[in-house]
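Some notes on the structure that comes next.
Residue numbers (UniProt numbering): 1 to 629.
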């Protein structure tokens, strides 16, 4: 809310609603005027290139006549020069947009508005109508508004502008669960270049006159194809923010930027629950080759309304569904974040913020994203061979040694890119076999960046809450919550041993000496019998030297002391036989940190911080397994 400018009688009420006009039950609310606008410049066009923005804004609002038979005057969404302020004496039919002086000389005005007018003035077609206004209170296009003003129902409006067709369109509905499909209730062709300057202010205005009503804004989003002015000047990269005020994400993508304002009232039902009175900007996304915003309707159609028969799996924050985009004949996977999951929203933000900016052949590609209907949806390229764990442990397809070797090297290549080759170091924090997807040619692609964090290359680890999956968590993470490149390398080492042995990191069905995969393989290494742990399903059909390299590298990566673990670059050199095998202690080293926190079951491989995960039936059913930090 710090980035909302309030003028006149506008105020923020105690229940997190923007009130645009007076709301005094024991006092006069007549002749009231107020505005609420975003207090930073919005770029409408690029003066250098002449490019004009496409934009869409969505807001929910209530005009409440308190069951009176006569009421007025209305509410409007406006776009005006940034220096524009609430005019004096603009109450009544002027809707807080104009006054007598500006109404009498419209040639000096520079404003475009969409009015939701409730009172019939001399210039109006009727009492309840929606109108498009250009530099004047007299609308250039109108349509009758079949409103629910008297009982104070919630309306949802979408206003969009197509710079190619120069079409400004309005869609209004009182439906309970509205979906905008691109249709309109009213439209008008206008070249905004001839009306508005390069930088503008966007916001709402309302007024009452002799007759009164209440005007409230309950949610607001605005997205545009051009960037905000101050983002052009800044070079620092700050993550997409959620909370009070605005979070800025600044990406120099070169192909155009997308910015997004979002504010929503708390406690407005399931759709709004937990979002709070946020105003935030999403990261700007690359156009063309980058991810794009999908509409909720597109994704419900693509997934056959999230048909359970097309469900590919269940993750910590929700289900993943198979979909098909008919216009591009593309198969997709749609992650549907569980409703009401605060951690799920954090995962959504993290994925959009991080993975959309990454480009590597061994990373799952994010195609698009959508937040609507109270849901958060992520759209990925579909991986026809599923996740690695389904082949190693689920009996899906027995992976041959060449395929396993390629998968290990592909994962190592992905981590090298994340840790050392991208502009910032990306700590994944949840390296495990179920997060490694396989394309049609069984190439490994690392996915699920919901727990990932950005770290400057010159910095080491960062302290955070405990996150990850038991069995893949480095010992120091369990105790200190400190994530680092070294902790990612530990998870990589566990996956290497899984690939070689065909076993999960913790298996309570095994005899005591074999329950923990790392310790069991290390014990065999000390006896010179490490190849005895190789997956029996391979039937001895593998390259013995390469298998030994993979297993020893896996143990090296899983050393309890993070200082002794190799970098991912060293790992690749050894796997490619460009460096000798390390000499490791013959016995499993004593960990520098306690292996498990108090009351944490060793059989749980549920991702910490995730809620609602489906447990493996082989895991322990103790109460500790359902405790998440």
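Just so you know, even glycine gets a beta-carbon here, dropped at the ideal spot from N, CA and C.
The alpha carbon of residue 74 has as its nearest neighbour, out of 361, 126, 450 and 337, the alpha carbon of 126. By the criterion of at least three beta-carbon pairs nearer than 8 Å, the stretch 74-87 is in contact with the stretch 189-208. Here residue 437 is buried, its C-beta having at least 16 other C-beta atoms within 10 Å. In the DSSP annotation of this structure, the continuous segment of the beta strand (DSSP E) that includes residue 321 starts and ends at 318-325. In the DSSP annotation of this structure, the continuous segment of the alpha helix (DSSP H) that includes residue 406 starts and ends at 401-416.
Residue 195 and residue 109 have their C-alpha atoms spaced approximately 9 Å apart. Under the three-state reduction of DSSP output, residue 583 falls in the coil class, being neither helix nor strand. Three or more Cβ pairs drawn from the stretch 490-509 and the stretch 399-418 lie within less than 8 Å of each other, which places the two stretches in contact. Nearest in C-alpha terms to residue 395, of all of 334, 439, 535 and 320, is 535. Taking C-beta atoms under 8 Å as the contact rule, residue 538 and residue 532 fail to qualify, at a distance of about 13 Å.
Taking 8 Å as the cut-off, the beta carbon of residue 53 is found no closer than this to the beta carbon of residue 184. Taking C-beta atoms as the reference points, residue 348 and residue 364 fail to come closer than 8 Å.
With fewer than 16 other CB atoms across the displayed protein chains lying within 10 angstroms of its CB, residue 83 is exposed. According to the DSSP assignment, residue 445 belongs to the beta strand (DSSP E) that extends over 444-446.
The beta carbon of residue 541 is closer than 8 Å to those of 400 and 401 in its chain, skipping five residues each way along the sequence. The criterion of a C-beta distance shorter than 8 Å is not satisfied by residue 318 and residue 346.
Residue 48 sits exposed, since fewer than 16 C-beta atoms from the chains shown fall within 10 Å of its C-beta.
DSSP places residue 377 inside the beta strand (DSSP E), whose first and last residues are 375-381. When beta bridges are read from the DSSP output, residue 437 appears opposite 387 and 445. About 4 Å separates the CB atoms of residue 169 and residue 187; that is less than 8 Å, so the two are in contact. The straight-line gap separating the alpha-carbon atoms of residue 444 and residue 171 is approximately 45 Å.
Ranking 222, 120, 516 and 417 by CA distance to the CA of residue 70 puts 120 first. Counting the other Cβ atoms within 10 Å of the Cβ of residue 56 gives 16 or more, which makes it buried.
Residue 371 is bridged by DSSP to 376.
At a Cβ-Cβ threshold of 8 Å, residue 67 and residue 151 count as neighbours.
Put simply, of 176, 388 and 489 the residue whose alpha carbon is nearest the alpha carbon of residue 561 is 489. Beta bridge pairing from DSSP links residue 84 with no other residue. At the C-beta level, residue 122 and residue 207 stay beyond 8 Å of one another.
Excluding the 5 residues flanking it on each side, residue 387 has same chain C-beta neighbours closer than 6 Å at 434 and 437, in chain order.
In the pairwise beta carbon analysis, the stretch 474-489 is classified as touching the stretch 547-567: at least three pairs are separated by under 8 Å. In the DSSP assignment, residue 545 falls within the alpha helix (DSSP H) that extends over 544-557. Residue 20 sits close to residue 217, with the two beta carbons spaced by under 8 Å.
A distance below 6 Å between beta-carbons, with the five flanking residues on each side excluded, links residue 520 to the following residues of its chain, in chain order: 514. When secondary structure is reduced to three states using DSSP, residue 492 falls in the helix class.
The beta carbon of residue 301 lies closer than 6 Å to none in the same chain, with the five residues before and after it left out. In the DSSP annotation of this structure, the continuous segment of the alpha helix (DSSP H) that includes residue 575 starts and ends at 568-575.
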